[in-house]
Amino acid sequence: MYYRIFVTEFNLGFHSPKSDRCDLFEKFKVMKQTQKPTDDIKYEYDVHQTSKMNIRGVRNKEKKNKDLLVLIFDLQNVIPTPHANISSLFYLRKLNVYNLTSYYTPTKQVYCALWSENLSGRAGNDIASAFHKILTVLAEGNHITELITWSDSCVPQNRNSRISYSDLHFLKDNP
């Protein structure tokens, strides 16, 4: 009865929270539901999935190798502020805070770069700037001659040109 009232009288629904998915996965999922995917799309999706699994395997192997210096980073969920369990506050305009978190495997140390939307957004340049700051802080306390960096296992994110340029800029500043 509860479900019927919510669906019919209030037009509300329940769903599982969406996790990070790449554009290609979402495109394939929608196409599967609305029409039959073309052979080209199926092939592109299969290649992408295979690539993702291969990269995930390499990343996991590198994480476990004690001789490698690995830094894993990811943009966490947006943090709306202020946060309170007051229903009237929920509908007020919130300030969003972004958190780029990284994990340095040799020391098991976690580094975070936090910023609010009034300072910057969460576009590629913003993430690259936060990543550059994390690298700078990491380099201050450690003698690092070689470092492997990983974003999540989505291939395009690990090949992000802005992150690559941020790496180059960091190397130029820290020879």
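Residue 145 in this note's numbering sits at position 141 of the sequence shown, and the numbers go up by one each step.
For each residue, glycine too, the CB sits at the ideal point set by N, CA and C.
By the C-beta criterion, the region 44 to 54 is judged not to be in contact with the region 132 to 141, since fewer than 3 inter-stretch pairs fall below 8 Å. For Q53, the enclosing alpha helix (DSSP H) covers residues 43 to 68. Under the three-pair Cβ rule at 8 Å, the region 98 to 107 counts as touching the region 77 to 87. Counting along the chain, no alpha helix (DSSP H) covers T85; the unbroken beta strand (DSSP E) around it starts and ends at 83 to 85. Where N129 is concerned, there is no enclosing beta strand (DSSP E), although the alpha helix (DSSP H) around it starts and stops at 128 to 145.
With contacts defined by Cβ atoms closer than 8 Å, F77 and L104 form a contacting pair.
Inclusion of V74 and T109 in the CB contact set at 8 Å is warranted, their separation being smaller than that value. Listed in chain order, the non-local C-beta contacts of S106 below 6 Å within the same chain comprise L75, F77, Y115, I138, local neighbours out to five positions each way being set aside. In the DSSP assignment, S106 falls within the beta strand (DSSP E) that extends over 99 to 108. Closest in alpha carbon position to G128, among F29, S155, S55, is S155. It is roughly 13 Å from the alpha-carbon of H173 to the alpha-carbon of A134. Sorting L79, K31, L151, P41 by C-alpha distance to the C-alpha of K67 places L151 at the top.
It is roughly 26 Å from the alpha-carbon of G125 to the alpha-carbon of N178.
A straight-line Cα-Cα distance of about 35 Å links S120 and N69. The alpha carbon of R166 has as its nearest neighbour, out of E144, I131, K176, H147, the alpha carbon of I131. Counting along the chain, Q113 sits inside the beta strand (DSSP E) bounded by residues 113 to 120.
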